[in-house]
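Scroll down for the structure; my scribbles are underneath it.
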Amino acid sequence: MLFQQAMASMSTLVLPVVAPEMSVDTGMPASLIGAYWMFIFGIGFFASLGCGGYIQRFGPLRVSQLALVCMGAGLLVSATGSPWLIAASCLPLGVGAAISTPCSTAILAKITTPRHAPLIFSLKQTGVPVGGMLAGLLVPFFALRFGWQGAFLGCGGICLVYAVLLQPLRSVYDDDRAPAKGFDFNSIFVLLKSILTTPKYRQLAFTWWAYVGVQAIFGTFFVTYLVQELDHDLALAGLIFAGAQVASVVARVVWGWLCSRFISPQLMLAILGVIIVGSALTTGAITDDWSIVSVALVAVVYSASAVSFHGVAIAEIVRVLPTDEVSAKAGGILSFAMLGMMSYPALFGIILQVTESYAIGFWASAVPALIVCVNLFRRVHKG
66 MLFQQAMASM STLVLPVVAP EMSVDTGMPA SLIGAYWMFI FGIGFFASLG CGGYIQRFGP
126 LRVSQLALVC MGAGLLVSAT GSPWLIAASC LPLGVGAAIS TPCSTAILAK ITTPRHAPLI
186 FSLKQTGVPV GGMLAGLLVP FFALRFGWQG AFLGCGGICL VYAVLLQPLR SVYDDDRAPA
246 KGFDFNSIFV LLKSILTTPK YRQLAFTWWA YVGVQAIFGT FFVTYLVQEL DHDLALAGLI
306 FAGAQVASVV ARVVWGWLCS RFISPQLMLA ILGVIIVGSA LTTGAITDDW SIVSVALVAV
366 VYSASAVSFH GVAIAEIVRV LPTDEVSAKA GGILSFAMLG MMSYPALFGI ILQVTESYAI
426 GFWASAVPAL IVCVNLFRRV HKG
């Protein structure tokens, strides 16, 4: 499941990584990457909301295979270089990337004990930064040897091969399928209503939205902030960002281990919220006279919180949902993560355009996370 999560992460990063070389041949401006991501996560929002019925009907492993086929197909289509076909590829890529987490969550929920769930899901979610690392290694490898088209074909081929390799496991993990289940548009509205009207589900949904939003700001604007606002060298800014990603891998495992041994997932989410808010506020306060070590430390703490809470949050989803509803409702709660990925960078861009201040954008992004954090502490106090 970790490797599947890595494939989901990698598939959305192939075009952004290969864009500079691709734009030389096609003339497609790299600035379209923002629109590309918005399409992918917009589609992912609805896919995550609607996948529960299919997971119940066909089984989480079969739908995991479908996710990999979708991602592979989207990458193969992108190899044409046609702007229209690349835009169309956002549909299978968005669907595949979005439904991967609900599928793997449903599989692991069957075999994981509540005590070990935070650590297991945190280990699974390390697939996200691992996918980023794979994109950083495999995309240049394929592109340098076979051209930018080779990057899409090579990474797409890996997704398709892995989908086939999962087939022998289907009899193990898809033994409780419900053939009568399926999809209808009404089920999306019923699911949204259930999430928004049930306090514990609503709390989790907005936690995902607020925390992932702060994460999206870090991934989208942090390097540009260091270069344009603080006049740091691009290579140095990239090195700081890469180091922060490595820190997130370690942090995910540490938070999961702590939750498995000493702290409830809900309390850990509240504590991480404090760190997330502090990191965003401190990032906005950085000035050009800060030392590189200080800037790097802020980046590491930012990444170790906003980029590393996911395993703990998934464990909390599994804890609050009845076992027979994980397949149906986990995707609905996780869809709010897609909403955060879409909305926060767009709002940050508007703030930056109007105020010409990165600091205000970082500070504004901390406000919803602060509200979520306070509410989490209240729920912990109430027991």
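In our numbering, the protein residues as written are 66 to 448.
Every residue gets a Cβ at the ideal spot worked out from N, C-alpha and C, and that includes glycine.
So what's residue i in DSSP terms, helix, strand or just coil?
i      : result
ILE341 : helix
ASP90  : helix
PHE283 : helix
SER459 : Since the first residue shown for the chain is 66 and the last is 448, residue 459 is missing from the structure and cannot be characterised.
PHE327 : coil
SER165 : helix
ALA402 : helix
SER451 : Outside the shown range of the chain (66 to 448) lies residue 451, about which nothing can therefore be said.
GLY278 : helix
SER147 : coil
ILE336 : helix
THR177 : coil
ILE351 : coil
THR263 : coil
Shortest alpha-carbon distance to residue i belongs to which of the options?
i      : options                           : result
TRP320 : ARG122, ALA307 and ALA335         : ALA335
ILE260 : ARG210, SER329, VAL385 and VAL193 : VAL385
LEU295 : GLY349, GLY308 and LEU404         : GLY349
VAL377 : CYS324, ILE357, THR347 and GLN310 : CYS324
THR285 : PHE327, CYS438 and PRO410         : PRO410
GLY159 : ARG122, GLN121, SER147 and LEU114 : LEU114
CYS450 : GLN70, SER313 and GLY343          : Within the shown structure, residues of the chain are numbered from 66 to 448, placing residue 450 beyond reach of any answer.
ARG444 : ALA380, PHE413, ARG210 and SER329 : SER329
VAL288 : ILE253, VAL360 and VAL315         : VAL360
GLY117 : LEU257, SER147, TRP355 and GLN280 : LEU257
LEU399 : TYR101, PRO81, PHE68 and ARG267   : ARG267
MET198 : LEU412, TRP102 and ALA73          : ALA73
CYS220 : GLN310, ALA144, PRO264 and ILE151 : ALA144
SER252 : VAL365, GLY343 and PHE111         : PHE111
ALA424 : CYS155, ILE436 and THR352         : THR352
ASP240 : ALA281, PRO194, TRP213 and ALA171 : ALA171
LYS175 : LEU435, ALA281 and PRO387         : PRO387
PHE217 : SER373, LEU435, VAL83 and HIS446  : VAL83
LEU412 : ILE282, ALA302 and TRP102         : ILE282
CYS438 : ASP90, GLY124, ALA100 and VAL339  : VAL339
PHE374 : VAL363, TRP322 and SER408         : TRP322
Is residue i near the ligand FMN, judged by its Cβ being under 7 Å from some heavy atom?
i      : result
ALA270 : In terms of ligand content, the structure shown is empty, and the ligand FMN therefore cannot be addressed.
At what residues does the alpha helix (DSSP H) containing residue i begin and finish?
i      : result
VAL292 : Premise fails: VAL292 is in no alpha helix (DSSP H) and is neither H nor E.
PHE123 : 117-123
GLU381 : 375-385
HIS446 : 423-447
LEU203 : 192-230
LEU234 : No alpha helix (DSSP H) contains LEU234, which DSSP labels as neither H nor E.
SER370 : 357-371
Would you say residue i and residue j are within 8 Å of each other, going by their C-beta atoms?
i      : j      : result
CYS224 : MET136 : yes
LEU78  : TRP274 : no
ALA402 : ILE416 : no
GLN190 : ARG317 : yes
LEU52  : LEU337 : Coverage of the chain is limited to positions 66 through 448, which leaves residue 52 absent and any answer about it impossible.
SER370 : ILE341 : yes
ILE185 : LEU173 : yes
GLY201 : PHE207 : no
ALA152 : PHE106 : no
VAL279 : ALA345 : yes
LEU133 : TYR227 : yes
SER76  : LEU140 : yes
PHE68  : GLY161 : no
For chain B, find out if any of its Cβ atoms is closer than 8 Å to the Cβ of residue i; answer yes or no.
i     : result
PRO81 : Given the protein chain composition of this structure (a single chain), no chain B is represented.
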